[in-house]
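In my numbering, the protein residues as written are 337 to 484. A virtual CB, placed ideally from N, CA and C, is assigned to each residue, including glycine. All figures in this text were calculated on a predicted structure; none of them were measured in a lab. Below is one structure; the comments refer to it alone.
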């Protein structure tokens, strides 16, 4: 256990988040997602739902503000105009932890391609369908130097 680090973030996930660079993406997916086949690096988060993992990740991972969109979700039936209640919940978590960023829906093939290119995939035990999202890592800026 560490002070200030959500205990749901295990050593493998913490190491992966730390190793990611600016612009790298991490996918957090539901229990039905074909994570093993799509992941370059697979991290298991068995026993946890997506909202808890996303909330914990966003407590330690900066979101990329160099691009217009950095938070993405899957869509119902591959149609970005359709959503499920879990998407509203994810949007609420993102609004609380990453204010100013909107959760963008992607079409099925676009979402799958982005997951396959992601730095890592976190496979949760989330039972709800279409409960998948991607976070693009930003930077932590140095503190302003005083007197300049």
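Distance between residue 352 and residue 446 (C-alpha atoms, nearest Å)
24 Å
Residue nearest to residue 378 in terms of C-alpha spacing, selected from 365, 388 and 384
365
For residue 473, count the other beta carbons within 10 Å of its own beta carbon; 16 or more makes it buried, fewer makes it exposed. Which is it?
buried
C-beta atoms of residue 458 and residue 349 nearer than 8 Å:
yes
Hey, which unbroken runs of the alpha helix (DSSP H) at 4 residues or more fall wholly within the region 355-405?
371-374 and 386-396
Could you tell me which of 480, 338, 409 and 393 sits nearest to residue 444, measuring between CA atoms?
409
Excluding the five sequence neighbours on either side, which residues of its own chain have a C-beta within less than 8 Å of the C-beta of residue 400, listed in chain order?
358, 359, 406, 472, 473, 474 and 475
Secondary structure at residue 420, three-state DSSP: helix, strand or coil?
coil
Verify whether the separation of the beta carbon atoms of residue 467 and residue 422 is less than 8 Å.
yes
Between the Cα of residue 461 and the Cα atoms of 386, 362, 344 and 345, which residue gives the shortest distance?
386
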